[in-house]
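Chemist:
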Amino acid sequence: MMAFVIAVAFAQTETQTQPSTGQKPAEKPKPKAGKVEVVEFIAPKVLDTTKVYFYATKDVWIKETPSAEGKRICKAAKNSVFVQLEKAEKGWIKVEGMKSDSTKVQGYIYRNFLAKYPPTEQKAKPQKTQTPKQPTTPPSTK
3 MMAFVIAVAF AQTETQTQPS TGQKPAEKPK PKAGKVEVVE FIAPKVLDTT
53 KVYFYATKDV WIKETPSAEG KRICKAAKNS VFVQLEKAEK GWIKVEGMKS
103 DSTKVQGYIY RNFLAKYPPT EQKAKPQKTQ TPKQPTTPPS TK
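Each residue of the sequence shown is one higher than the one before, counting from 3 in this note's numbering.
(1) Can you tell which of Ala-117, Ile-111 and Val-54 has the C-alpha that lies nearest to the C-alpha of Glu-91?
(2) Got a sec? Which residues, its chain only, sit under 6 angstroms from Asn-114 by beta carbon, not counting five neighbours each side?
(3) Restricting to Cα atoms, I'd like to know which of Ser-69, Lys-65 and Lys-106 is closest to Ile-75.
(4) Which residues bound the beta strand (DSSP E) around Val-85?
(5) Could you pull out every residue in the same chain whose Cβ sits closer than 7 angstroms to the Cβ of Gly-109, ignoring the five residues on either side in sequence?
(6) With H, G and I counted as helix, E and B as strand and the rest as coil, what does DSSP make of Gly-1?
(7) Please report the residue range of the beta strand (DSSP E) in which Ala-58 lies.
(8) Closest to Ala-117 by C-alpha separation, out of Thr-105, Val-48 and Tyr-57, would be which residue?
(9) Restricting to Cα atoms, I'd like to know which of Thr-59, Lys-106 and Ala-70 is closest to Asn-81.
(10) For Val-62, count neighbouring Cβ atoms within 10 angstroms of its own Cβ and tell me buried if that reaches 16, exposed if not.
(11) Taking the C-alpha atoms as reference points, what is the distance between Lys-47 and Ile-95?
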């Protein structure tokens, strides 16, 4: 199973129930102002071969509308997996991702930040070392 992480620009207070103790639900603390909550998303266990999948080539914002000025929904991490829903105007692609609780998120990402194949880490090329040249004549010893 492939996993990817998406950062949510806003957070809602959620409650957890504790059925075995019968106590009141405990509230999760809200993130501090200016902080971004990170939510884990997952890719389907089995990829549907009739759909087109894209990978984020870097951390990228998912937008509500196909525009640079569009409202930001959340930020997806590099290598996140998305299903293409439709192409939009001027290079924006409508995508969908899924959280670990099966909640789906839809929005737009500009095509320059997506690739059809997972980005590969570029390995550093080994540096060629130059061997110092030996002098052709022996140095004088005056």
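Every residue gets a Cβ at the ideal spot worked out from N, C-alpha and C, and that includes glycine.
Modeler: Reading from the atomic positions:
(1) Considering only alpha carbons, the answer is Ile-111.
(2) None.
(3) When only C-alpha atoms are compared, the closest one is Lys-65.
(4) Segment 83-89, the beta strand (DSSP E) holding Val-85.
(5) Within its own chain, the residues whose Cβ lies closer than 7 angstroms to the Cβ of Gly-109, once the five positions on either side in sequence are excluded, are Ile-64, Lys-65, Glu-66, Ile-75 and Val-97, listed in chain order.
(6) For residue 1 there is no data in the structure shown, the boundaries of the chain being 3 and 144.
(7) Bounds of the beta strand (DSSP E) holding Ala-58 are 55-58.
(8) With distances taken between Cα atoms, Ala-117 lies closest to Tyr-57.
(9) With distances taken between Cα atoms, Asn-81 lies closest to Thr-59.
(10) Per the 10 Å Cβ criterion, buried.
(11) The C-alpha of Lys-47 lies about 23 angstroms from the C-alpha of Ile-95.
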